[in-house]
Structures are given as structure tokens and as C-alpha cells.
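A.B. asks:
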Amino acid sequence: MKYVTKLLKGNEAIGEGAILAGCRYYFGYPITPQNEIPEYMSRNLPAVGGTFVQSESELAAINLVMGAAAAGGRAMTSSSSPGVSLMQEGISYMAGMEVPAVVVNVVRGGPGLGGIGPAQSDYFQATKGGGHGDYFTLCLAPSTAQEMLDLTILAFDIADRYRCVTIILADGLLGQMAESVEVPLDYKPREYKKDWIMDGCKGRPPRIVRSLFLDPAELEKHNFHLSEKYREICKKEVRFERFKTRDADIVLVAYGTSARICKAVVEMARADGLKLGLLRPVTLYPFPEKEIRKTAERAKALLVVELSMGQMVQDVKRAVGDACPVLFKGRTGGMVFTPEEVYQSVKKIKIKDEG
Amino acid sequence: MNTQNPLEPYLRLDRMPHIWCSGCGIGTSVNCFIRALMDLNMPKEKICVVSGIGCTGRVAGYLNLDSFHTTHGRAIPFATGLKLANPDLKVIVFSGDGDLVAIGGNHFIHAAQRNMDITVICVNNFNYAMTGGQYGPTTPIQAKSSTAPYGSFQMPFNLPKLAESAGAVYVARWTTYHVRQLRKSMREAMNKKGFSFVEVISQCPTLYGRKNQFRSGRDSMLWYKEHSVARNHPLTSDINLGFRTYILVGKFIDIEKPTFLDGLNERYKGVREKIA
């Protein structure tokens, strides 16, 4: 495949990835720090025959996405934390109806209106369903502008393959910073047969797209079916990156922006002769449980580093069990730790370990 | 000599400087609003100001009155709840066009339909300024914005007509150039029983203006001065706003109708008497 190198903001890389992936319908409502996505789509969708609508609210946006996806199109919306909370009703409906779409959350500090600084405090919402009912959304966590593009392309493919909602969980820092990105020139998105869409019932029996099942037995059966699908996703779609974990005594576990910072911490520690590594989940749902467990069995301690008061750390603890101690380092509200700050936390573990 | 600005008692000076750009029209709107409050001589403890999100959404936070900064679009339902729980309060919603009629559009319509006894002041700057100048429900056809790079092609809302058809009893529109008339209309609106609505056409030199040949606040003010036509009680269907066209201003609606609380008290009277 041929590539061209572009300098893109993370948010623009998402737009670029979406159009490459065949997204032709974008609906969204302004909110900082993700405005470059709708701006990019409004500029570039017309030229590829796509449609951009700035909806009157996030509720409208997610329902416009639902409609375009039910018609068979590849559709996306993006927002930031408070806006994504408003979309949860629609996401639950889409999970129930098995309508595929991509939802981007460029996370900012919460709760409530919060602030506009980068945060990772929407982890629970993105990985545990978010709305009402028994469902999960597949969740991808990019950590570079390149991944903002690559994982957006992947998100559309996965969404169509499993008929599920895929969340891209970025944050204000990843969205706003610019990096060089290798953009594929001749990427052809894989086509999936959609024998469930509403495209007019000419020559076939009418279809129904719904999430309402008034018969409890039927609804339970539907939930068994969804559950089976999530099990398959957990088996096949786990993605993660290991960074110098092979001989590591202490392993950092971090995703997204935190993982970028942790890479610098690993380099600092290695320069001092400290055996530090990083395990970076790329999919947050499905969560790389087995890999974390394996790592914990070899390491002396894990340090989970997040821009929250401790959300992913709960999943890490569950995966690790009693294999080794799991510690936590977090900042929140839009505050971002420096590599030095995280390194200090690492050094404290060492001292504790020896003492 | 008294060197204090007469508006100071109404402002939270500890929150200054404010976030508004130089040349922005929201400051003028707030100035007119405070002067209208002073004219009415209303005790401060009777007033509550509610704002939503956006540049104008910051107004509540700068006023030295009981004020509430709500979720995006929900200023009107919040204000409704406040009014119902304490009908003695004068409740004023002060927010922007995107907040009030896009994401909050349904609430706007229904508060007017109920003739809820609140005053809504809408600063209309034709775009979502706080998030970088995206097009909104009032952006004129042809005008450019950060999400309408080729020019807008959606018919914008005519807010006075919307308010009238939904049931408002008082509707006026002025630009930020018309400070005296605006102050008077705000006064009248707050004195009115029922759902009163004042639209303030306001400049946004940083975003909407930069993209649409109103580069400075002064450019807009000159335009407002030279292109505003005052009419009392024209048909609201005749007062659409276009792109760089004449602006019809004035008091459009001023009628009497029972308010939500009038209706409620009337209908519940018998029921309440029975319980008592």
C-alpha cells in the first residue's frame, strides 16, 4: 500500500480515517475539544459524495447516525464527555437493534460540565455499556495521531463485522496535538453483506429493525444472542502493546495519553538501570485480561497510570487477582502528570519493595 | 466624586476579567439588562438568572444575583422548575441562540406554549462562538462558519415568529446598537406576566464576523445603525433575517393571556378546596 505523510491534529486524523473507511455520514454537535472532527467532515465529506449535518443536539446526532446506519451507510458521530452522556440512550438502542456505528469520545474532565482539559474519566462509561441494559460497546484507545487514523479505520470494520457500536476513546490532548501521520492512499474498506438494513422491501419480505421485545422469553433469547457475540469479540478482538516488559520487575499499565507519558518513564528508568516496562491496552473492551495476568505472574508489581481517580485499575486488579500487588497513580480534572512525576511514583514502589 | 461604576453592585467583580472578546455584544446586552433591573427597582432577592452553555451562558456567572449555570440547552426547564417551586421569584433566562433554540429548542417551544411566567433573553450572534464558530439554528443562508465552509444552506429560524407561534405574550427584537430601546424592552418583558422573549442581535467579531465581512465590533455596529428598520407590531412572518440584509427591529407582540400558574390555580381550585 502507498502512503503519504501528513501533519495532522489527532482530531483531523480521525476525520481522515473515517473517510478512508468509507464513512459517508457524519452528524455531530459542537463541543470542545473535538470540534476539528466536525469541521474536517464538513470540509471533506462533500467531495466524496457524503453528507454532513450539524444536528441540533447530541441526542439528535446519535439518532441521525442510527437512521443512516439502518439504511446501510457507514455513519459516525463524535463528541466529548458531556455530549457522549447525552448519546447513551441512542447507543443502548443501537446495541439492542444491532445497528453498527462509530462514536468518538474526545474525553474531557468531569463530572457534569467539568472542564475542557484531557481526562480518562469516561472509562467506565465506554467499557461497561454506558446506557441501560445488558450490552457492551467495543472500545478502542488510540495513543498517537497515527492510531487516531488507524483505529478509526479499524472501528468501522469491526462495527460492521459484529453489528456493534464501536467507541473510540481519545482525550483532549490526543485530539488537539499534531503529529505526522502516514495516510494510506489506496485503502479499500472491506464490504460486509447487510441483509438486515432498511432499503425498501422490493422483491423480499419487509424487515424490522427494533430493540423492543415485550415477550420476556424472547428478550432473554435476544440477550443470549448478544452475549454470545460479546464472547466472540472478547476471544478475537483483544489488542494491546508490550513495551520492554520481557525482563521488567515493575510494569506500568496505561492507555492513550497516559501510555505516551509512561513510555518516556520507561526510557528514563531504563537509563537508570531500572527494569521497568509498559503494557498498553489498545482495546479497553475487550480488555486484555490474560496478557495482564501473565505479566503480573512474572513481575513484582504493576502500577496502573490513568488520568482519572482510578477506573481501569479495577479491571487490572480483577485480571491480576493475587498474582502481584497492583498500585495506582492518577491525576484528574484535566491535570496531566509529567514523566518525572510518574517516575517518582515508580521509585517509591522500589523502595517499598526492598524495605 | 463617586468613581464607582453604577453597575458594580450587580456584577461579581471577583470573576472579572470576563471571557468575552473585545468588540463582543454580550457585554452591551448585560449592561442593558442591569439598567433595566435598576429601572424596575426590583429587590435583588426576588431575582434569579439562569443561563445555559456558550458565550452568553456565562452571563449568570457574572451577575451578582442568585444565578444558575445549567447543562447545555436546559436553562428553560430549570427556570420553569424554579418558578413553579417559588412563584414569587422573577426568573430570567439569559442565553444564546444555539443553547435556547437548537439543543434547547423543544424546551423553548413548550415553555412558550405553557405561557410559563419567565423572561427569556436570547443573544443571537448567528453561530456557536464558544466552540469555534460553527453554524447554528440562526445562521443566515450564505453565511460561512467553521462547519459551513462553503456557506450555509439551511433556512434559519425566525425567532420572534417561533416564539409567537408557540405562544409567547411579549416578543421584541433589537440590536446591540439600540441600547435604549433594548433596555426598555427588557424592562417591559420583565414586567409582563407570562412568557416574554427578547432577541438581541449581537456581533461576534472573532468568529462569525471574521468569516462574514464584519471584522470588528464597529463594522457590525455601523451595519446595525444603517440597516435597522424599527417597526411596531409587523407580522412576524415578515421579519426573517437574511445575510447582510436589513434588520427589522421593534416590539412585535404584546398581548394578554392566562399564564401556566393562572390556569393551574384556576383548575386546581376545586380539587384543593375538597382536600382542605
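Respectively, the protein sequence lines represent chains A and B.
Following the working numbering, the numbering of the first sequence begins with -10 at its first residue and continues without gaps.
Following the working numbering, the numbering of the second sequence begins with 377 at its first residue and continues without gaps.
Every residue, glycine too, gets a C-beta built ideally from N, C-alpha and C.
Treat the numbers as computed from the prediction; the structure is a model and nothing was measured.
Keeping to the same chain, check which residues put their C-beta closer than 6 Å to that of R559 (chain B); ignore five residues upstream and five downstream.
C.D. replies: Counting only Cβ-Cβ distances below 6 Å, and skipping sequence neighbours, we find C408, R411, A412.
A.B. asks: Check Q135 (chain A) in the structure and name its three-state DSSP category.
C.D. replies: Residue state, collapsed to three classes: helix.
A.B. asks: Does any CB atom of chain A fall closer than 8 Å to the CB of P513 (chain B)?
C.D. replies: Cβ-Cβ to chain A under 8 Å: yes for P513 (chain B).
A.B. asks: Return helix, strand or coil for R235 (chain A), following the three-state DSSP convention.
C.D. replies: Three-state result, R235 (chain A): coil.
A.B. asks: So which of B:E421, B:G508, B:M506 has the shortest CA-CA distance to L465 (chain B)?
C.D. replies: Of the candidates B:E421, B:G508, B:M506, the one whose C-alpha sits nearest the C-alpha of L465 (chain B) is B:E421.
A.B. asks: What does P525 (chain B) reach in chain A if we use C-beta pairs closer than 7 Å?
C.D. replies: Those within 7 Å of P525 (chain B) in chain A are S31, R32.
A.B. asks: When you compare the CB positions of I3 (chain A) and P71 (chain A), do they come within less than 8 Å of one another, or not?
C.D. replies: Against a cut-off of 8 Å, the Cβ pair of P71 (chain A) and I3 (chain A) comes out as no contact.
A.B. asks: How many Å lie between I577 (chain B) and P513 (chain B) at the Cα?
C.D. replies: Going from the Cα of I577 (chain B) to the Cα of P513 (chain B) covers about 14 Å.
A.B. asks: Ignore the nearest five residues each way along the sequence and tell me which others in G98 (chain A)'s own chain have a CB closer than 6 Å to its CB.
C.D. replies: Taken in chain order, the residues that qualify are G104, G106, A108, G322, G323.
A.B. asks: Using a beta-carbon distance cut-off of less than 8 Å, what residues from the region 10 to 27 of chain A approach chain B?
C.D. replies: Going along the region 10 to 27 of chain A in chain order, one finds Y18, P19, I20, T21, N24, P27 with a Cβ nearer than 8 Å to chain B.
A.B. asks: Identify, in the order they occur along the chain, each residue of the same chain with its Cβ nearer than 7 Å to the Cβ of S522 (chain B), setting aside the five sequence neighbours on each side.
C.D. replies: Closer than 7 Å at Cβ, skipping near neighbours: G508, G509, Q510.
A.B. asks: Is the region 220 to 227 of chain A touching the region 244 to 256 of chain A, taking contact as three or more C-beta pairs under 8 Å?
C.D. replies: Too few Cβ pairs lie closer than 8 Å, so no.
A.B. asks: Can you list, in chain order, the stretches of the beta strand (DSSP E) that have 3 or more residues and sit fully within the region 588 to 635 of chain B?
C.D. replies: The region 588 to 635 of chain B contains these whole beta strand (DSSP E) runs: 604 to 606, 623 to 630.
A.B. asks: How would you list, in chain order, the residues of chain A whose beta-carbon sits under 7 Å from the beta-carbon of G449 (chain B)?
C.D. replies: Result: S46.
A.B. asks: Can you give me the C-alpha to C-alpha distance between G344 (chain A) and E230 (chain A), rounded to a whole angstrom?
C.D. replies: With a pLDDT of 40 at G344 (chain A), under the threshold of 50, the predicted position of this residue should be treated as unreliable, and no value is reported.
A.B. asks: Check whether the Cβ atoms of T126 (chain A) and I156 (chain A) lie closer than 8 Å to each other.
C.D. replies: In contact: T126 (chain A) and I156 (chain A) (Cβ atoms closer than 8 Å).
A.B. asks: From the DSSP secondary-structure annotation, give me the bridge partner or partners of F444 (chain B).
C.D. replies: Answer is B:V426.
A.B. asks: Would you report the Cα separation of T234 (chain A) and K183 (chain A), rounded to the nearest angstrom?
C.D. replies: So the alpha carbons of these two residues sit roughly 42 Å apart.
A.B. asks: Have a look at L389 (chain B) and L439 (chain B) and give me their C-alpha separation to the nearest angstrom.
C.D. replies: Roughly 9 Å between the two C-alpha positions.
A.B. asks: Do the CB positions of L273 (chain A) and Y29 (chain A) come within less than 8 Å of each other?
C.D. replies: No, Cβ-Cβ distance for L273 (chain A) and Y29 (chain A) is not below 8 Å.
A.B. asks: Taking the C-alpha atoms as reference points, what is the distance between Y18 (chain A) and V545 (chain B)?
C.D. replies: The alpha-carbon atoms of Y18 (chain A) and V545 (chain B) are separated by roughly 31 Å.
A.B. asks: Which of helix, strand or coil does DSSP assign to C498 (chain B)?
C.D. replies: C498 (chain B) falls in the strand class under three-state DSSP.
A.B. asks: Indicate whether H448 (chain B) and G472 (chain B) have their beta-carbon atoms separated by less than 8 Å.
C.D. replies: Their beta carbons are not under 8 Å apart, which means H448 (chain B) does not touch G472 (chain B) by this criterion.
A.B. asks: Pull out every residue of the region 470 to 500 of chain B whose Cβ sits closer than 7 Å to any Cβ of chain A, in chain order.
C.D. replies: Per Cβ criterion, the list reads A478, I479, G481.
A.B. asks: Need the endpoints of the alpha helix (DSSP H) that G(-1) (chain A) sits in, please.
C.D. replies: Start and end: -1 to 9.
A.B. asks: Using CA coordinates, which residue listed in B:H609, B:A524, B:I423 is at the minimum distance from N462 (chain B)?
C.D. replies: If we check each option's Cα against that of N462 (chain B), B:I423 comes out closest.
A.B. asks: Taking only three categories from DSSP, how would you classify R549 (chain B)?
C.D. replies: Strand.
A.B. asks: What residues match up with M65 (chain A) in a beta bridge as DSSP calls it?
C.D. replies: Note: M65 (chain A) sits in a beta bridge opposite A:Y15, A:V91.
A.B. asks: Report the neighbours of Q77 (chain A) on chain B: residues whose CB is nearer than 9 Å to its CB, in chain order.
C.D. replies: Here the premise fails: no neighbours, minimum Cβ distance about 14 Å.
A.B. asks: Classify V574 (chain B) as helix, strand or coil using the three-state DSSP reduction.
C.D. replies: Correct three-state label for V574 (chain B): strand.
A.B. asks: Closest to S572 (chain B) by CA distance: which of B:M418, B:I494, B:P532, B:L624 is it?
C.D. replies: Measuring from the Cα of S572 (chain B), the nearest candidate turns out to be B:I494.
A.B. asks: Which term fits P8 (chain A), buried or exposed, when burial requires 16 or more other beta carbons within 10 angstroms of its beta carbon?
C.D. replies: Reading off the sequence, residue 8 (chain A) comes out as Ile, not Pro. Answer is buried; the Cβ neighbour count reaches 16.
A.B. asks: Please report the residue range of the alpha helix (DSSP H) in which R411 (chain B) lies.
C.D. replies: Where R411 (chain B) is concerned, the enclosing alpha helix (DSSP H) stretches over 402 to 416.
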